[in-house]
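J.: Take this structure first; my questions come after.
Numbering (our numbering), first residue to last: 1 to 374.
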């Protein structure tokens with residue numbers, strides 16, 4: 001009787017332990033601007049820079065800047081002032097340039113596979129330019145209508161620049177004018193942009209392109225010291241190597257680099273003609289899949305006005321690690337619409353039950369076998 005009792009206890013233990021062993025033995029697992037806005041002093045206008053975006057490149061001593069500002073203003077005379085270290089050529093840009101850059105540096109999809117999922121869901125998964133001239137201590141290099149805006153490129157004394165802008169319909173309040181002397185002392189040029197008469201824009205503004213000689217890649221920011229709210233600047237820098245900020249104000253501002261990579265190496269083929277020019281991409285050339293035409297470094301900078309004491313200055317950063325943002329998509333491995341994990345569990349339970357049954361039969365046979373008489 002004692003041996004039969006121990007046999008029944010063993011049988012119960014196997015029946016209880018079998019299914020849990022199967023489940024625990026197959027646990028779930030998955031594989032692995034720059035410029036400053038100036039509104040007319042005699043009008044109550046709310047001008048807010050929600051985000052400033054630009055694409056920059058620096059090749060053969062010439063910087064190219066494709067600049068767009070998301071703004072909301074509705075008054076003639078509202079002005080943007082863009083300083084540059086030398087006289088720029090200002091032309092119309094294309095929204096396609098900024099749009100494609102956003103696509104080229106978008107987060108890439110990363111697929112992870114899992115054998116677990118829902119039994120019910122199954123698998124988942126511009127105008128004519130006026131003649132340049134010098135008037136009252138001001139040299140006007142370019143004056144033209146480009147799309148919906150009037151553009152003037154000029155340099156000279158602070159008083160001369162301020163007076164010329166006011167006389168020609170470009171509003172410049174005292175807070176912005178106070179930022180001019182530092183640029184004038186450095187010999188910089190000013191590009192003033194305002195809405196053309198009769199034009200009203202709410203939302204995205206057509207980009208402008210500025211090309212100018214520059215010893216370094218720079219993004220003018222000191223004018224934003226006069227801003228009334230924090231500034232967010234979104235920049236895409238194109239070059240042979242990654243870039244980093246080296247200006248003194250960088251340490252007092254929040255600077256992020258969400259993307260550091262060659263989009264071509266990540267499967268993007270440049271189609272916008274301006275981006276082909278800026279990256280040096282030749283559609284007829286054959287590139288190594290691991291060595292495309294140009295690196296793109298994305299910067300997102302948030303700066304309080306009091307911290308904006310210098311322009312943004314960038315230098316090559318050959319030691320920068322490649323960084324491509326990703327998002328994860330989980331795909332469930334199934335057989336006949338059923339996640340493989342559950343099939344493995346079911347198989348484990350069946351095998352466990354068969355082993356238990358075999359063990360039970362063995363115990364029963366041993367317990368019921370007649371004993372030989374001694």
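Glycine included, every Cβ here is placed at the ideal spot set by N, Cα and C.
I'd like the ranges of any beta strand (DSSP E) spanning at least 3 consecutive residues and lying wholly in the stretch 141-188.
T.: As far as the stretch 141-188 is concerned, its whole beta strand (DSSP E) runs of at least 3 residues are 149-156.
J.: Determine which residues share a DSSP beta bridge with residue 59 and list them.
T.: Partner(s): 62.
J.: According to DSSP, is residue 308 part of a helix, a strand, or is it coil?
T.: Of the three classes helix, strand and coil, the one that applies to residue 308 here is coil, per DSSP.
J.: Within a Cβ cutoff of 7 Å, which residues of the same chain sit near residue 111, ignoring the five residues on either side of it in sequence?
T.: Same-chain partners within the cutoff: 329 and 331.
J.: Roughly how many angstroms lie between the CA atoms of residue 258 and residue 266, to the nearest whole one?
T.: Going from the Cα of residue 258 to the Cα of residue 266 covers about 15 Å.
J.: Could you pull out every residue in the same chain whose Cβ sits closer than 7 Å to the Cβ of residue 307, ignoring the five residues on either side in sequence?
T.: Excluding sequence neighbours, residue 307 sits near 249, 252 and 253.
J.: In angstroms, rounded to a whole number, what distance separates the CA positions of residue 193 and residue 309?
T.: Roughly 23 Å between the two C-alpha positions.
J.: What did DSSP end up calling residue 109 once you bin it into helix, strand or coil?
T.: Residue state, collapsed to three classes: strand.
J.: Quick check: the Cα distance between residue 163 and residue 68, rounded to an integer number of angstroms?
T.: Those two C-alpha atoms are separated by around 27 Å.
J.: Answer with buried or exposed for residue 240, where buried requires no fewer than 16 other C-beta atoms within 10 angstroms of its C-beta.
T.: By the 10 Å Cβ count, residue 240 comes out exposed.
J.: Quick check on residue 92: does DSSP put it in helix, strand or coil?
T.: Of the three classes helix, strand and coil, the one that applies to residue 92 here is strand, per DSSP.
J.: Would residue 327 pass as a contact of residue 292 if the rule is Cβ separation under 8 Å?
T.: No, the pair does not count as a contact, with Cβ atoms beyond the cut-off.
J.: Taking the alpha carbon of residue 205 as the point to measure from, which residue in 362, 79 and 349 has its own alpha carbon closest?
T.: Of the candidates 362, 79 and 349, the one whose C-alpha sits nearest the C-alpha of residue 205 is 79.
J.: Below 8 Å, how does it come out for the stretch 345-354 and the stretch 276-293: are there three or more Cβ pairs, yes or no?
T.: Not touching, per the Cβ criterion.
J.: Along the chain, where does the beta strand (DSSP E) that runs through residue 275 open and close?
T.: Unbroken run through residue 275 is the alpha helix (DSSP H), 273-279; no beta strand (DSSP E).
J.: Short of 6 Å in beta carbon distance, which residues of its chain neighbour residue 104, apart from the five on each side in sequence? Order them along the chain.
T.: Excluding sequence neighbours, residue 104 sits near 263 and 268.
J.: Out of 333, 64, 145 and 109, point me to the one whose CA is closest to residue 197's CA.
T.: Among 333, 64, 145 and 109, the Cα nearest to that of residue 197 is on 145.
J.: Would residue 173 and residue 83 be called neighbours here (beta carbons separated by less than 8 Å)?
T.: Going by C-beta atoms, residue 173 is not nearer than 8 Å to residue 83.
J.: Just list the residues that DSSP pairs residue 239 with in beta bridges.
T.: Looking at the DSSP assignment, residue 239 forms a beta bridge with 295.
J.: Using the three-state DSSP reduction, which class does residue 284 fall into: helix, strand or coil?
T.: Correct three-state label for residue 284: coil.
J.: Could you spell out the range, first to last residue, of the beta strand (DSSP E) harbouring residue 259?
T.: From DSSP, the beta strand (DSSP E) with residue 259 extends over 254-261.
J.: Counting along the chain, where does the beta strand (DSSP E) carrying residue 79 start and finish?
T.: That run of the beta strand (DSSP E) goes 79-84.
J.: So, is residue 189 buried or exposed, given that buried needs 16 or more other C-beta atoms within 10 angstroms?
T.: When all chains shown are included, residue 189 counts as buried.
J.: In this structure, what does DSSP give as the bridge partners for residue 190?
T.: Answer is 83 and 154, bridged to residue 190.
J.: Which residue comes first and which comes last in the beta strand (DSSP E) that contains residue 324?
T.: Here residue 324 belongs to no beta strand (DSSP E), and DSSP marks it neither H nor E.
J.: Can you give me the start and stop residues for the beta strand (DSSP E) that residue 209 sits inside?
T.: Its beta strand (DSSP E) spans residues 208-213.
J.: Helix, strand or coil for residue 205 per DSSP?
T.: Residue 205: coil per DSSP, three-state reduction.
J.: Whole-angstrom Cβ separation of residue 152 and residue 168, contact assumed at under 8 Å?
T.: Yes, residue 152 and residue 168 are in contact; Cβ-Cβ is about 7 Å, under 8 Å.
J.: Taking DSSP as the reference, what is the three-state secondary structure of residue 234?
T.: Correct three-state label for residue 234: strand.
J.: So what does DSSP say about residue 333, is it helix, strand or coil?
T.: In this structure, residue 333 counts as coil in the three-state DSSP scheme.
J.: Using only CA atoms, which one of 230, 89 and 256 lies nearest to residue 323?
T.: Closest by alpha carbon: 256.
J.: Given that a residue counts as buried once 16 or more other Cβ atoms are within 10 Å of its Cβ, and exposed if not, what is residue 74?
T.: Summary for residue 74: the model assigns pLDDT 45, below 50, so the residue's position carries little reliability; its value from the coordinates is reported in the next sentence. Classification of residue 74: exposed, given that the 10 Å Cβ count is below 16.
J.: Which whole-angstrom value describes the C-beta separation of residue 212 and residue 316, a residue pair presumed to lie in contact below a C-beta threshold of 8 Å?
T.: So it is not a contact: roughly 20 Å between Cβ atoms.
J.: Please report how far the alpha carbon of residue 106 lies from the alpha carbon of residue 345, in whole angstroms.
T.: Looking at the two C-alpha atoms, the distance is approximately 39 Å.
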